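Residue numbers (our numbering), protein chains in the order written: chain A, 3 to 113; chain B, 322 to 437. See structure below.
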Amino acid sequence: RKEVEQDPGPFNVPEGATVAFNCTYSNSASQSFFWYRQDCRKEPKLLMSVYSSGNEDGRFTAQLNRASQYISLLIRDSKLSDSATYLCVVGLDNYGQNFVFGPGTRLSVLP
Amino acid sequence: SAVISQKPSRDICQRGTSLTIQCQVDSQVTMMFWYRQQPGQSLTLIATANQGSEATYESGFVIDKFPISRPNLTFSTLTVSNMSPEDSSIYLCSVEELELGTGELFFGEGSRLTVL
């Protein structure tokens, strides 16, 4: 079983739609969780950290379920500019060398 | 945030040759990370480069194939040696945010390598 697994996608959704991505991780000792966004032919950039209580940033909501070892990202009112690959990242701590990147889920928001 | 410059941004190389990728950061950092992203895949950590000591390699990566230099706190190089087509990939340099302890990683724009 891979350490971090994600829906492979691609997800093709119309503008304004709500879309949810799922991520599961295998190491129950994991302590830090993130969603990164990677545009085509660009480097990954942090979208948001994921906290146990869940967190929201505008149209984006992240949830963590430690018992099920599951992370989700919800995007509401999708924009064309949301088209990208979303990478789930899990770490044993907050040190970069201990992060594991998921394979990513590709999202295309269509006009 | 950190600003990271990588070069070359892309290159096409012949098999059997070697290529050195440079990474320059606009601030002093203890650790620099080198990742590989193969076509259609996610990021895999190659090694962690510490200033003043040998790099720490992840499983499946060895120093002879990917020698790393870290001469100071703002610069590192990764060499891909004796290249084969399987080395065709994007190589990314990264540093972590330290002041706030958020764990955020900042990446360079990557070096896209094609080996013929």
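Don't be surprised by glycine CBs; every beta carbon is placed ideally from N, CA and C. Every value quoted in this text rests on a predicted model; they were computed, and no experiment measured them.
Query, Result
"Which of helix, strand or coil DSSP assigns to glutamate 407 of chain B", "helix"
"Contacting residues, own chain, Cβ-Cβ under 8 angstroms from phenylalanine 387 of chain B (five flanking each side not counted)", "Trp355, Ile367, Ala368, Tyr378, Leu399, Thr400, Val401, Ser402"
"Closest Cα partner of phenylalanine 36 of chain A within the set B:Glu425, B:Gly431, B:Ser405", "B:Glu425"
"Bridge partners - lysine 47 of chain A, DSSP secondary structure assignment", "A:Arg39"
"Close Cβ partners of glutamate 407 of chain B (< 6 angstroms) along its chain, the five nearest in sequence each way excluded", "none"
"Chain-ordered residues of the stretch 51-84 of chain A with a beta carbon less than 9 angstroms from chain B", "Ser51"
"Residue span of the beta strand (DSSP E) that contains glycine 93 of chain A, given as start and end", "86-93"
"Supposed contact pair serine 363 of chain B and glycine 104 of chain A - C-beta distance, whole angstroms, cut 8 angstroms", "6 angstroms"
"Within-9 angstroms CB hit, glutamate 375 of chain B to chain A", "no"
"Span separating the alpha-carbon of valine 416 of chain B from that of arginine 331 of chain B", "21 angstroms"
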